[in-house]
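Presented below is the structure to which this report refers.
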Amino acid sequence: MRILMPILFLLLAPLAGGLLDGMDRKISARMQRRVGPPILQPFYDVQKLFAKQRIVVTNSQTFLMITYMVLIIFTGCMFYSGVDMLMCFFMLSTAGIFLYFSAVVTDSPYSYIGGQRELFQEMCCEPAVLLTALGFYILEGSFQTSDLIKADRSAILALPGFFVAFLFILTIKMRKSPFDESTSHHPHQELVKGVTTELGGSNLALFQITEWYENVLMLSVVALFILNKNPWSILCAVLVVLATYFLEILIDNTSARMKSQKMLQLSWAVTIAAAGVNLVILILVR
Amino acid sequence: MWWSIPFLIIFPMCIGALLYCIHVQKVRKGIAYVATPAIMAATIDLVVTYFNHGGQPVDLYVNVPAASHFITAGEIALMIFVTWKCIRAKKYWISLLSIVPTIMIVNMEFKLGEMEAAHIRVDHLSLLMCLIVAFVGGLITIYAMGYMDGYHQHHTEVPERRHFFFMVVYVFIGAMFGFVLSSDLVWIDFFWETTSVCSFLLIGYTQSEEAVTNSFRALWMNLLGGTALAFGIVYFETAAKASTLQALVQNSQDGVRAAAICVMLMAFAALTKAAQLPFSTWLIGAMVAPTPSSALLHSATMVKAGIYILFRLAPAMSGTMTGYFIAGIGGFTFFMTSVIAIGQVDAKKVLAYSTISNLGLMVACAGIGRPETIWAGVFLMMFHAISKSLMFQDVGATENCLHSRHLEDMHGLLYRLPKLAVFMFIGIAGMYLAPFGMLISKWSALRASVDSKNVLVILFIVFGSATTSFYWSKWLGKIISRTMHNEPVKDITKKNEMVSLSIHAVAMVALCALFPVVSNIYVHPLLAETFGTYTDVLSSGIMNMLVILILVVFLVPLVAYLSSRQLHTNMKLSYMNGANCGNDNTFTDSFGDPKKLHMANDYFTERIGRHALMVPCQLAVTAAIVVMFCIVLGGVA
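Line by line, the protein sequences give chains A and B.
If you read the first sequence in my numbering, its first letter stands for residue 592, the second for the next number, and so on.
If you read the second sequence in my numbering, its first letter stands for residue 226, the second for the next number, and so on.
Below you can see the structure in the form of structure tokens.
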């Protein structure tokens, strides 16, 4: 299991992430009364990007981007091999710093602003992400994801506040509107494409694939809230993950971008009000 | 046999006195280049002797009335000196903070007489402190020898008193050795006051109005802590008829009330010394002094004294009301000062706030007082000592080259002052990037605070962790941004400064790479000594994973870098809506004229700067301290 699961993640996560992305585009299009691209369009895009030449502003962008990708994939493999969850999250934030580096190293205006905002987003997410790991630890007495899936009951029953906080920051992590601060969906906005502005050709393809891995990893944490030793919980988790993703698409299509300081206030307030309160109750009860 | 102990305490003080008398810089340098290695060698000798004795704690100097009388005389001399300084500066009330505790201590000495107990104790923790003081502090003295020359060339308005400066530095180092090796409470008090006075003298070095104000602020805050310490010691010794730190901890664990109160007062004193809120302002004010003294105060001496004493008291604080409050105050300081650090644009200020913030995390670890947290705290202390010393020296050297320490002026430092930028990168990365010191310590501290059910500390660490990453990453990004100021900068860093910087950088990387080993062979015995029984903090699984993580984080960027060099890339100008003027730095503005591009970070200074947050935070923590005093002295807990 410890070897198999990471390998499965390595192979299947981009497929799942790409398909989710394709569904995202289709559903978004339908919400906007368009036909939308085929489901497999993201794969065609990436394939085409790889065929293009690698355009950079400064050479070090490429190696920073590759590092970002490898570290995210590594973190995902760690998570799936059942090791310490808190350590995974620390690795995740370290990986994120390389994305920031690859953006600011260019000194290009839009990329630089995107990088600043990416860092800001990290700061908004981190408390909720770390608290999630701690919530699981209090509940099950372990940080090991391999132990967590063997619980008697789904964690969400005891950790609803943590779940809410995590869903909230998931929108930030996925860089979806209203929190698409660091990279916008449409290049005609004030930000152009933020962190990805200066990523050209295959570098952009790498970023796209990394995003798929990251999304799958984050949704896996959502699934962890549902999973227990009962095999049927797997089906349940898949449904919850799909529902979560649909919710993200809905939020994305119905809201306008928020100012970053507002985002900080809101995300921390939700973290305290939901996860913090849940934490106090959990500690008092235990 | 144990000759190195008196040597380490007395020798630096003698060197200090000698340097005071010598006014030729070349001779001074010669003396320092001999004395500092001698101190390092003596420390090594102490370590070797200790391990030849089986590596068990050793109690020494049981019956030494002469030395005790000497210490008492020293206390009185310090009191007279402080009183004289205060009267000259017309700050009469501050002298009370020296007179009252000294009279109390001396009075007690006469009443109780000399007790039959060890005055010196050598164990893993004190040895670790000795190593930090000798090596980090020693390297700072060497760096200072070069730095102070340049300093007086640039700052002609400052009166030339280098002989005085070096004297204080060496006396400071001697006092730190005395402090960490003493086990007798009165001795501890004496060395404690000595470090307070030394820091006061260092901060006031330039004699400018600001420096004098700040130095007296540092003095009264630290003497206030010293007063609390003296009250605690007198109360405990009179009530329990015991005179050592170990007896204090033991009594407190046995539930002796006088001991518990003394522990609380000592912990309060440690808060002042470790510059925790509400006493953080003295360390910020200490920035007016020349860089070596900042480095000394922040990394090797002074603030570490506060942390050291808290680690000693940790078993006594674990699970008590005192521990709960101390952990809360530390956690709060960790979070709030890291927020303030985001708002700073001056590199030295960022370092100052980050020191306070990191110390806050160590204080929180000590307050929780479990083996895991002390493990985390000890590592934090090691990483912090090396990193901060490196950073201060590096920022000082960078300032000499750039004539600025504004963060925005460090844009693209990697391409302008590559050596200094790499050192800076190592120093910062060692402070917070996974899987180095800070992160594993945070991991351990978080788990332990969950186990001890301290909700406030959990929240403070979680949020503080986010803000800490933010300001460090922002700084790192600034260094690596491809430069737009293409004018070359001449690296005028002196050779002895470079030597010190290189040694620090190597030590930092070595500590990162070797820390599982250090943990096993050094920190585990340290915990066993502190807590008696002790089980493994980190399972071997976690340790193995850490080793893998270290490899991954080192290797992935390296391999990616090497392999990406072969990739064929097409270099283009950065995107500026098609308004570039043929290069990356200029664009056509709305009048059709070329305009220079300037990218800067946002620091949110008005909202979260020092002026907005410091006073409310100080008030909140002062209230918490008052409540702690009421609860512990009132006997509720």
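C-beta: ideal position from N, C-alpha, C; glycine also.
Computed from a predicted structure; not experimentally measured.
Identity of the residue in the options nearest residue i by Cα
i, options, result
"isoleucine 630 of chain A", "A/Phe711, A/Glu713 and A/Ala607", "A/Ala607"
"methionine 765 of chain A", "A/Phe634, A/Trp859 and A/Leu808", "A/Leu808"
"lysine 574 of chain B", "B/Asn625, B/Val513, B/Ser524 and B/His636", "B/Val513"
"glycine 450 of chain B", "B/Thr420, B/Ala467, B/Tyr430 and B/Gln432", "B/Thr420"
"threonine 762 of chain A", "A/Glu717, A/Thr787, A/His776 and A/Glu839", "A/Glu839"
"isoleucine 618 of chain A", "A/Arg877, A/Asp843 and A/Ile863", "A/Asp843"
"alanine 834 of chain A", "A/Met849, A/Ala814 and A/Arg848", "A/Ala814"
"isoleucine 939 of chain B", "B/Gly480, B/Ala242, B/Ala845 and B/Leu244", "With chain B running from 226 to 862 in the structure shown, residue 939 of chain B is simply not present."
"alanine 434 of chain B", "B/Val488, B/Gly510, B/His377 and B/Ala483", "The amino acid at residue 434 of chain B is misidentified as alanine; the sequence shows glutamate. Nearest option by C-alpha distance: B/Gly510."
"asparagine 721 of chain B", "B/Leu783, B/Phe688, B/Ala622 and B/His377", "B/Ala622"
"isoleucine 256 of chain B", "B/Ala242, B/Ile269 and B/Thr268", "B/Ala242"
"lysine 251 of chain B", "B/Met329, B/Asp374, B/Val675 and B/Gly299", "B/Asp374"
"glycine 583 of chain B", "B/Cys806, B/Leu538, B/Glu597 and B/Met663", "The displayed chain sequence assigns asparagine, not glycine, to residue 583 of chain B. That would be B/Met663, whose Cα lies nearest to the Cα of asparagine 583 of chain B."
"leucine 611 of chain A", "A/Arg877, A/Val829, A/Val871 and A/Leu870", "A/Val829"
Residue i versus residue j: straight-line alpha-carbon distance, rounded
i, j, result
"threonine 718 of chain B", "cysteine 626 of chain B", "7 Å"
"phenylalanine 695 of chain B", "glutamine 478 of chain B", "40 Å"
"cysteine 715 of chain A", "leucine 855 of chain A", "5 Å"
"methionine 401 of chain B", "leucine 522 of chain B", "11 Å"
"valine 868 of chain A", "phenylalanine 727 of chain A", "15 Å"
"alanine 260 of chain B", "threonine 755 of chain B", "33 Å"
"serine 851 of chain A", "isoleucine 651 of chain B", "30 Å"
"leucine 858 of chain B", "leucine 454 of chain B", "15 Å"
"alanine 642 of chain A", "phenylalanine 798 of chain A", "15 Å"
"methionine 676 of chain A", "glycine 480 of chain B", "39 Å"
"alanine 742 of chain A", "proline 751 of chain A", "16 Å"
"aspartate 409 of chain B", "phenylalanine 416 of chain B", "11 Å"
"cysteine 855 of chain B", "glutamate 709 of chain A", "46 Å"
"alanine 785 of chain B", "valine 743 of chain B", "30 Å"
"methionine 770 of chain B", "tyrosine 671 of chain A", "14 Å"
"arginine 790 of chain B", "leucine 640 of chain A", "20 Å"
"threonine 558 of chain B", "threonine 813 of chain B", "47 Å"
"lysine 699 of chain B", "alanine 646 of chain B", "14 Å"
7 Å Cβ cut-off: residues of chain A touching residue i
i, result
"lysine 797 of chain B", "Ile646 and Val648"
"alanine 691 of chain B", "Met714, Glu717 and Pro718"
Nonlocal neighbours in the same chain, by C-beta distance under 8 Å from residue i, ignoring five residues either side
i, result
"valine 422 of chain B", "Leu303, Phe306, Val307 and Leu444"
"glycine 613 of chain A", "Pro628, Pro629, Ile630, Leu631, Gln632, Pro633 and Phe634"
Interface partners of residue i on chain A, CB under 8 Å
i, result
"phenylalanine 695 of chain B", "Leu710, Phe711, Glu713 and Met714"
"histidine 793 of chain B", "Gln644 and Arg645"
"aspartate 827 of chain B", "Gln707"
Interface partners of residue i on chain B, CB under 9 Å
i, result
"isoleucine 663 of chain A", "Here the premise fails: no neighbours, minimum Cβ distance about 11 Å."
"glutamate 789 of chain A", "Lys797, Ser799 and Tyr800"
"threonine 801 of chain A", "Going along chain B, no residue has its Cβ under 9 Å from threonine 801 of chain A, so there is no contact; the nearest lies around 13 Å."
"valine 783 of chain A", "Tyr800 and Asn802"
Neighbourhood of residue i by C-beta distance below 6 Å, restricted to the same chain and skipping five residues each side
i, result
"isoleucine 565 of chain B", "Tyr578, Arg835 and Leu838"
"glutamate 334 of chain B", "Thr297"
"leucine 891 of chain A", "No information on residue 891 of chain A is available, as it lies outside the stretch 592 to 877 that chain A covers here."
"alanine 539 of chain B", "Ala591, Gly594 and Ile599"
"proline 597 of chain A", "Cys668, Tyr671 and Ser672"
Within chain B, the residues that residue i reaches when beta carbons sit closer than 7 Å
i, result
"leucine 725 of chain A", "Leu671, Val675 and Ile683"
"threonine 658 of chain A", "Val781, Pro782 and Ala785"
"aspartate 738 of chain A", "By Cβ distance, chain B contributes nothing, its closest Cβ being about 12 Å from aspartate 738 of chain A, past 7 Å."
"threonine 653 of chain A", "Ser789, Leu792 and Thr794"
"isoleucine 729 of chain A", "Val675"
"glycine 867 of chain A", "Leu684"
Neighbourhood of residue i by C-beta distance below 7 Å, restricted to the same chain and skipping five residues each side
i, result
"isoleucine 365 of chain B", "Pro517, Ala520, Leu521, Ala525 and Ser614"
"alanine 738 of chain B", "Ile775"
"serine 773 of chain A", "Gly705, Arg708, Glu709, Gln712, Arg766, Gly785 and Val786"
"asparagine 819 of chain A", "Ala742, Asp743, Arg744 and Ser745"
Cross-chain neighbours of residue i in chain A, by beta carbon under 9 Å
i, result
"valine 575 of chain B", "The premise fails here: valine 575 of chain B is roughly 15 Å from chain A at the closest Cβ pair, so nothing lies under 9 Å."
"methionine 770 of chain B", "Met669, Val674, Asp675 and Met678"
heavy atom of the ligand MG below 6 Å from residue i C-beta
i, result
"aspartate 743 of chain A", "Of the ligands one can find in the structure shown there are none, so the ligand MG has no counterpart to examine."
**Study point:** At least three beta-carbon pairs within less than 8 Å, the region 658 to 678 of chain A to the region 620 to 628 of chain A
**Key:** no
Practice item. Quick one: which residues of the region 679 to 700 of chain A get their C-beta closer than 7 Å to a C-beta of chain C? List them in chain order. Key: Note that chain C does not occur in the displayed structure, where the protein chains are A and B.
Practice item. Take every Cβ of the region 821 to 837 of chain B, pair it with every Cβ of the region 631 to 641 of chain B, and state whether three or more of those distances are shorter than 8 Å. Key: yes
Point to revise | Validate contact between the region 687 to 706 of chain A and the region 790 to 807 of chain B using beta carbons, cut 8 Å, 3 pairs | key: yes
Exercise for review: Evaluate contact between the region 342 to 358 of chain B and the region 271 to 289 of chain B, counting only Cβ atoms and requiring at least three cross-stretch pairs below 8 Å.
Suggested key: yes
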